[in-house]
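> Chain order of the listed sequences is E and G. Positions in the first sequence are counted from 1; adding 4 to them yields my numbering. Positions in the second sequence are counted from 1; adding 4 to them yields my numbering. We put the beta carbon where it would ideally sit given N, CA and C, even for glycine. Being a predicted model, the structure only gives us computed values, none of them experimental.
There are 2 protein chains.
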Amino acid sequence: MDYKSSGVNIDAGNETVRRIKGLARATFTPGVLSEIGSFGGLFSLGAAWRDPVLVSSADGVGTKLKVAFMTGRHDTIGVDLVNHCVNDILVQGAVPLFFLDYLATGALSPDVAEQIVKGLAQACRDNGCALLGGETAEMPGFYAAGEYDVAGFIVGAVERDHLITGRTIAPGDVLVALPSSGLHTNGYSLARRIAFEHVGLQADQHVAALGETIGEALLRPHRSYLPVMRPLLATGRVKGMAHITGGGITDNLPRILPADTRARIDRSMWDVPALFGWLGAVGEVPVEDQWRSFNMGMGLIVAVSADDADWLLEELRSSGETGAHVVGGIEAGAPSVRYA
Amino acid sequence: MDYKSSGVNIDAGNETVRRIKGLARATFTPGVLSEIGSFGGLFSLGAAWRDPVLVSSADGVGTKLKVAFMTGRHDTIGVDLVNHCVNDILVQGAVPLFFLDYLATGALSPDVAEQIVKGLAQACRDNGCALLGGETAEMPGFYAAGEYDVAGFIVGAVERDHLITGRTIAPGDVLVALPSSGLHTNGYSLARRIAFEHVGLQADQHVAALGETIGEALLRPHRSYLPVMRPLLATGRVKGMAHITGGGITDNLPRILPADTRARIDRSMWDVPALFGWLGAVGEVPVEDQWRSFNMGMGLIVAVSADDADWLLEELRSSGETGAHVVGGIEAGAPSVRYA
């Protein structure tokens, strides 16, 4: 009995590493000191930082992967993963330094792995983040044919005195929402059940209410808020930011609220995009569940003092972010969200 | 249709996070600035470093997980994962700072998740590494009932002038092997096929040649080489280290060899432990495949100058490492391993 007969193909692994190397190298920033294939990836912070705090996060893409499997499109999942991670550390004021991925599959296809890493590398480049390494695991008997799971790990940095914590959020502050590009990477178990089981759609079917196929609508990549927020991180005027992921606004916004403060979201101030309205309506999803499952079109919510609201909107507009709006504010109460 | 009916149980997720928090908090080192549950984990390097290089690695446990599923024992897999990651950055001279995990499952069991995180937290504490965060993903339809996948991500640091690269390895140097505790986390697809399919054992069956059950032998955790190697990292006398993982000595040792150097492993100088002999014999595995699939009892191989061999062995002995031996040396040739 030899190793290959056990279901693990070392040669496919080596071929995958070969293809990945060039994609990863194109993301390297001046801090990178190593080549892909070392035991560990090496990164130097350099002399540019005074008192850096490392900010790190791990995440997956969840069952959005099933939409990639249905459509056979594997080059956007990596964009989802990187941008999700970038936003998760951005909300604390950090800019990304490097990213590593974990890709696990039953039988490794170098072609699919290359598509996935293409997406990772593209998004890393767009965010100025090095794809420093990763692990590609072939695990016979774990994943269905053609399926895989992928996780991402990001490390960023922020000067300690520029950390954004939400600590100064107080009643009277306002909340500004930045539009999401779609479901981002959350709510997919529910959305797929509605679209593909309840309604019975195929991924390539056009949905009039959406103006595109359901596969296109559901696969649209998670956007990164780094380009528009980066110029504002060190101003000291951004009090807090919440990345709206699993659990929706209902669960994520309270994570940045100090004791005795409550968020008020004025639903009348926000046009919920068609995709969310359609999912809620055809899926007969209770309104509370919609706002706890989906981002409802708001991917990032920023808290600033009332005096800074116009400044924030103007800065965002000058970065090309035209869809941001005030959607509510802070009032006294226990950390939670009150929908008005 | 509500979110819970889509197969995702937010409450089980919250219960899991609650149980994990205390376990993780017990691993926190002075560098940790955040609580579990923030968007990102915060870590400060502090003032102790002059010119630190961050060393990072991502890994999984591979199909060793299947042995955990068979035996119902979930508290050692986390030890495997952490120690694997610790060793992967140790070989470049780095000590661990923090660790994050990704745990994915079809239906989340807070009990199993707690067992897994117990192992992660125990190993993090043993290595002086903070369990800074992680992601627990419930992905209906991805994993078989009772199964899961887990990945780990580690960040460590080393002073730039203490980086261990293998660059100075030259003909005449000697190779010292440190014993593994078992298969560590590699070769499991082959080992499981031999033990459970070819021989047809149950996990709880006693194997006379091993003196224990096959489940115990295969599940034994990956050991960390940090405690015995840590005092030697900054001496400048360790030229290179190879962590023997997937691909065995054959594929891993050449990763640290400079051009024009070849490693010679004298098999007669090493007693291959019973587990490897048994797997090779009953599985009729060609010898080359054994040495490319399993660590054969050598979990870490250290290169030093011939003059430093006795020093290294003495230092290791004084740290309680009595099983280390010279197993070969460096000769002229293309980077590869010659078995003698």
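So, using beta-carbon positions, are Gly35 of chain E and Leu94 of chain E closer together than 9 Å?
To locate residue 35 of chain E, count along the first sequence from 1; it is residue 31. To locate residue 94 of chain E, count along the first sequence from 1; it is residue 90. Their beta carbons are not under 9 Å apart, which means Gly35 of chain E does not touch Leu94 of chain E by this criterion.
> In this structure, how does DSSP classify Phe157 of chain G when only helix, strand and coil are distinguished?
The residue you call residue 157 of chain G lines up with position 153 of the second sequence. Strand at Phe157 of chain G.
> Check the Cβ of Gly45 of chain E against every Cβ in chain G and list those closer than 8 Å, keeping chain order.
Residue mapping note: residue 45 of chain E aligns to position 41 of the first sequence, counting from 1. Within chain G, the residues near Gly45 of chain E are Val59, Ser60 and Ser61.
> Using only the alpha-carbon positions, how far apart do Trp274 of chain E and His329 of chain E sit?
On the first sequence, position 270 is the one that residue 274 of chain E refers to. On the first sequence, position 325 is the one that residue 329 of chain E refers to. Rounded to whole angstroms, Trp274 of chain E to His329 of chain E spans 8 Å at the Cα level.
> Along the stretch 137-165 of chain E, where does the CB come closer than 9 Å to a CB of chain G? Name the residues.
Hits within the stretch, in order: Gly137, Gly138, Glu139, Ala141, Glu142, Met143, Pro144, Gly145, Phe146, Tyr147, Ala148, Glu151, Asp153, Ala155, Gly156, Phe157, Ile158, Val159, Gly160, Val162 and Arg164.
> From the DSSP output, read off the bridge partner residues of Tyr106 of chain E.
Along the first sequence, one-based indexing puts residue 106 of chain E at 102. Looking at the DSSP assignment, Tyr106 of chain E forms a beta bridge with E:Glu139 and E:Ala155.
> If you drop the 5 nearest sequence neighbours on each side, which residues of the same chain put their C-beta closer than 6 Å to that of Ser309 of chain E?
Looking up residue 309 of chain E in the first sequence gives position 305. Excluding residues within five positions, the ones whose Cβ falls inside 6 Å are Asp177.
> Going by the beta-carbon positions, is the gap between Val154 of chain E and Leu69 of chain E smaller than 9 Å?
Locating residue 154 of chain E in the first sequence gives position 150, counting from the first residue. Locating residue 69 of chain E in the first sequence gives position 65, counting from the first residue. A contact, by the Cβ cut-off of 9 Å.
> Who are the near neighbours of Val71 of chain E in its chain, counting only those whose CB is closer than 8 Å to its CB and skipping five residues on each side?
To locate residue 71 of chain E, count along the first sequence from 1; it is residue 67. Hits under 8 Å: Tyr192, Arg196, Ala207, Gly219, Leu222 and Leu223.
> Starting from Ala108 of chain G, find everything on chain E with Cβ-Cβ shorter than 8 Å and list it in chain order.
Reading the second sequence from its first residue, position 104 is the one you call residue 108 of chain G. Here the neighbours are Gly64, Asp153 and Ala155.
> What are the residues of the stretch 73-98 of chain G that lie near chain E, defined by any Cβ-Cβ distance shorter than 7 Å?
Listed in sequence order: Asp92, Ile93, Val95, Gln96 and Ala98.
> For Arg171 of chain E, would you say it is in contact with chain G, using Cβ-to-Cβ distances shorter than 9 Å as the test?
For the purposes of this step, residue 171 of chain E is identified with residue 167 of the first sequence, where counting begins at 1. So, not an interface residue.
> Flag this pair as touching only if the stretch 106-118 of chain G and the stretch 247-258 of chain G have three or more C-beta atom pairs under 8 Å; answer yes or no.
In short, these stretches do not touch, since the Cβ pair count stays below three.
> How big is the Cα-Cα spacing for Leu230 of chain E and Gly215 of chain E?
Stepping through the first sequence from its first residue, residue 230 of chain E is reached at position 226. Stepping through the first sequence from its first residue, residue 215 of chain E is reached at position 211. Roughly 28 Å separates the two Cα atoms.
> State the CB to CB distance for the pair Val83 of chain G and His226 of chain G, rounded to an integer number of angstroms; the pair is presumed to be in contact (CB under 8 Å).
Looking up residue 83 of chain G in the second sequence gives position 79. Looking up residue 226 of chain G in the second sequence gives position 222. Indeed, because the Cβ distance is near 7 Å, the residues count as touching under 8 Å.
> DSSP three-state call for Ser60 of chain G: helix, strand or coil?
Sequence index remark: in the second sequence, residue 60 of chain G carries index 56 (1-based). Three-state result, Ser60 of chain G: strand.
> Report the neighbours of Gly219 of chain G on chain E: residues whose CB is nearer than 9 Å to its CB, in chain order.
Locating residue 219 of chain G in the second sequence gives position 215, counting from the first residue. What Gly219 of chain G touches in chain E: nothing, since even the nearest Cβ is about 17 Å away.
> Please confirm if the stretch 327-343 of chain E is in contact with the stretch 167-187 of chain E, defined as three or more CB-CB distances below 8 Å between the two stretches.
These segments touch.
> Between His247 of chain G and the ligand PLP, is the CB less than 8 Å from at least one heavy atom?
For the ligand PLP, the structure offers nothing, since it holds no ligand at all.
> How many angstroms separate the CA atom of Leu283 of chain E from the CA atom of Asp293 of chain E?
Residue mapping note: residue 283 of chain E aligns to position 279 of the first sequence, counting from 1. Residue mapping note: residue 293 of chain E aligns to position 289 of the first sequence, counting from 1. If you take the alpha carbons of Leu283 of chain E and Asp293 of chain E, they lie about 11 Å apart.
> For my contact list, Gly44 of chain G and Ser184 of chain E are in at a C-beta cut-off of 8 Å; report their separation, rounded to the angstrom.
Taking the second sequence and counting its residues from 1, the one referred to as residue 44 of chain G is at position 40. Taking the first sequence and counting its residues from 1, the one referred to as residue 184 of chain E is at position 180. Rounded, the Cβ-Cβ distance is 19 Å, inconsistent with contact.
> Give a yes or no on whether the C-beta atoms belonging to Asn131 of chain E and Asn87 of chain E are separated by under 9 Å.
Along the first sequence, read from residue 1 onward, the residue named residue 131 of chain E stands at position 127. Along the first sequence, read from residue 1 onward, the residue named residue 87 of chain E stands at position 83. Yes, they are a contact pair.
> In this structure, how does DSSP classify Phe280 of chain E when only helix, strand and coil are distinguished?
Here residue 280 of chain E is taken as the residue at index 276 of the first sequence, counted from 1. In this structure, Phe280 of chain E counts as helix in the three-state DSSP scheme.
> Taking DSSP's pairing of strands, which residues face Ser48 of chain E in a bridge?
Translated into the one-based positions of the first sequence, residue 48 of chain E becomes position 44. Its beta-bridge partners are G:Val57.
> With 9 Å as the threshold, decide whether the Cβ of Met5 of chain E is near any Cβ in chain G.
Numbered from its first residue, the first sequence carries residue 5 of chain E at position 1. Interface residue, yes.
> Measuring only between beta-carbons, confirm whether Thr33 of chain E sits less than 9 Å from chain G.
By one-based count along the first sequence, residue 33 of chain E stands at place 29. No, Thr33 of chain E lies away from the interface with chain G (no Cβ there is under 9 Å from its Cβ).
> Give the residues of chain G in contact with Ser10 of chain E, contact being defined as C-beta atoms less than 7 Å apart.
Taking the first sequence and counting its residues from 1, the one referred to as residue 10 of chain E is at position 6. Correct list: Ser193, Leu194 and Arg197.
> Under a three-way DSSP split, which group does Val178 of chain G fall into?
Numbered from its first residue, the second sequence carries residue 178 of chain G at position 174. Strand.
> What span of residues does the alpha helix (DSSP H) with His88 of chain G cover, start to end?
Position 84 of the second sequence, counted from the first residue, corresponds to residue 88 of chain G. It spans Ile81 to Leu94 - the alpha helix (DSSP H) in which His88 of chain G sits, taken as one unbroken run.
> In whole angstroms, what separates the C-alpha of Gly170 of chain G from that of Ile269 of chain G?
To locate residue 170 of chain G, count along the second sequence from 1; it is residue 166. To locate residue 269 of chain G, count along the second sequence from 1; it is residue 265. Using only the alpha carbons, I get a separation of about 17 Å.
> What are the complete alpha helix (DSSP H) segments, minimum 4 residues, inside the stretch 198-230 of chain G?
Qualifying alpha helix (DSSP H) stretches, in chain order: 218-223.
> Between the Cα of Gly156 of chain E and those of E:Leu167, E:Cys128, E:Ile168 and E:Ala174, spot the shortest distance and give me the residue it belongs to.
Numbered from 1 along the first sequence, position 152 holds the residue referred to as residue 156 of chain E. Nearest of E:Leu167, E:Cys128, E:Ile168 and E:Ala174 to Gly156 of chain E, Cα basis: E:Cys128.
> On the DSSP letters alone, give me the boundaries of the alpha helix (DSSP H) that Arg234 of chain G sits inside.
Against the second sequence, residue 234 of chain G aligns to sequence position 230. Careful: Arg234 of chain G lies outside any alpha helix (DSSP H) and carries neither H nor E.
> For a contact meaning CB atoms closer than 7 Å, what does Val289 of chain E contact in chain G?
Locating residue 289 of chain E in the first sequence gives position 285, counting from the first residue. The answer, in chain order, is Met5 and Asp6.
> Work out the CA separation of Ile305 of chain G and His247 of chain G for me, nearest whole Å.
Along the second sequence, read from residue 1 onward, the residue named residue 247 of chain G stands at position 243. Along the second sequence, read from residue 1 onward, the residue named residue 305 of chain G stands at position 301. Approximately 7 Å, taken between the alpha carbons.
> When you compare only the Cα positions, how much space is there between Gly17 of chain G and Thr140 of chain G?
One-based indexing of the second sequence puts residue 17 of chain G at position 13. One-based indexing of the second sequence puts residue 140 of chain G at position 136. Straight-line Cα distance between these residues: approximately 8 Å.
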